[in-house]
Amino acid sequence: MNRKYELVYVVSPDATDAQVGELHTQVEQITQRLGGTIEKTDNWGRRKLAYEIGPHKEGTYVLETLTGGGELMKEIDRRLKVSDLIIRHLIVRIDEEQSVVDRTRTKRTDMSRRRRVARGLPPDRQPGEGQRGDVDDDRDDRFDVTEGLER
Amino acid sequence: MNGKRSFGGGGRSKTGAQGGQQGKDGQRRPMFRRRKVCKFCADKIDDINYKDTKLLMPFVPERAKILPRRISGTCAMHQRKLRTAIMRARQLALIPYTAE
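Read top to bottom, the protein sequences are chains A and B.
Counted the way our numbering counts, the first sequence spans residues 1 to 151.
Counted the way our numbering counts, the second sequence spans residues 152 to 251.
Now the structure itself:
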């Protein structure tokens with residue numbers, strides 16, 4: 001089972017850097033034990049919270065990208081819930097959305113390339129070529145009322 | 152040119168029925184409104200991510216409520232994605248639920 005997840009957790013501002021590191025190693029250990037891998041870790045540092053959570057007004061955000069199965073994430077979720085130092089956490093599965101995004105992106109570039117080739121241009125935009133005019137604008141007279149304006 | 156009476160996208164241009172919407176002086180003064188365009192379609196933003204608060208903030212004005220589609224002009228698909236992104240960001244206290 002290879003799924004990609006994103007885990008963000010907010011550590012209490014009272015925690016020291018060492019404690020934050022310890023939490024990270026804990027997550028790492030669980031992932032290793034349950035046959036997953038951590039792909040990326042990103043510490044956003046201390047940020048102000050948008051609203052107060054209990055007594056806290058700021059928190060340290062840590063983002064981890066990992067691959068593994070659902071069981072792994074369930075275990076991590078359970079562990080993070082129990083931990084006192086963590087004030088919020090969020091686990092999101094990202095592989096499906098990512099593939100959709102990639103697909104639309106490649107589709108779009110393919111389409112534009114095909115159109116450009118059909119018009120006898122090289123498939124990629126040349127460096128000197130500027131933005132073309134707003135083609136969209138001639139068709140939206142249904143919505144733009146241009147007469148009877150107060151000048 | 153001069154037969155056009157379109158009101159911000161209203162379909163019934165022939166029969167009129169547009170008394171209430173314009174000025175008090177009875178003069179025909181069509182409302183001028185710029186056509187709204189979905190920001191994400193226009194800028195070709197495929198990925199609406201909850202971590203990107205800079206992108207989300209314009210859609211949660213003062214009161215921190217999600218800006219409705221009829222005002223922002225976002226298309227249905229992107230509004231849906233925007234909504235989940237905002238809700239996730241709120242859980243992580245990146246965006247407020249309400250303003251005091």
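Where a beta carbon is used, it is the ideal one built from N, C-alpha and C, also for glycine.
A quick note: this is a predicted structure, and the numbers were derived from the prediction, not measured.
query: Reducing DSSP to helix, strand and coil, say where T16/A ends up.; result: coil
query: Between the C-alpha atoms of P122/A and D110/A, what's the straight-line distance to the nearest angstrom?; result: 13 Å
query: When the Cα of C192/B is compared with those of Y248/B, M228/B and A250/B, which residue comes out closest?; result: M228/B
query: Contact defined as beta carbons within less than 8 Å: I believe L23/A pairs with V11/A. What is the distance between those atoms, to the nearest angstrom?; result: 6 Å
query: Using a cut-off of 7 Å between C-beta atoms, extract the partners of Y51/A located in chain B.; result: A244, P247 and Y248
query: I'd like to check one pair, E75/A with I38/A: are the Cβ atoms closer than 8 Å?; result: no
query: Closer than 8 Å, CB to CB, is R216/B near chain A or not?; result: Looking at the sequence shown, residue 216/B is not Arg but Lys. By this cut-off, K216/B is not an interface position.
query: Give the single residue among A240/B, K195/B, P247/B and Y248/B whose Cα lies nearest to the Cα of D203/B.; result: A240/B
query: Express the C-alpha separation of V27/A and T41/A in angstroms, rounding to a whole number.; result: 11 Å
query: Please confirm whether G59/A and I87/A have their CB atoms less than 8 Å apart.; result: yes
query: Output needed for G224/B: all residues of its chain with C-beta closer than 7 Å, excluding positions within five of it in sequence on either side, in chain order.; result: K187, V188 and C189
query: Is the CB-CB distance between D194/B and R105/A below 8 Å?; result: no
query: Residue range of the beta strand (DSSP E) that D95/A falls in?; result: No beta strand (DSSP E) contains D95/A, which is instead part of the alpha helix (DSSP H) from D95 to A118.
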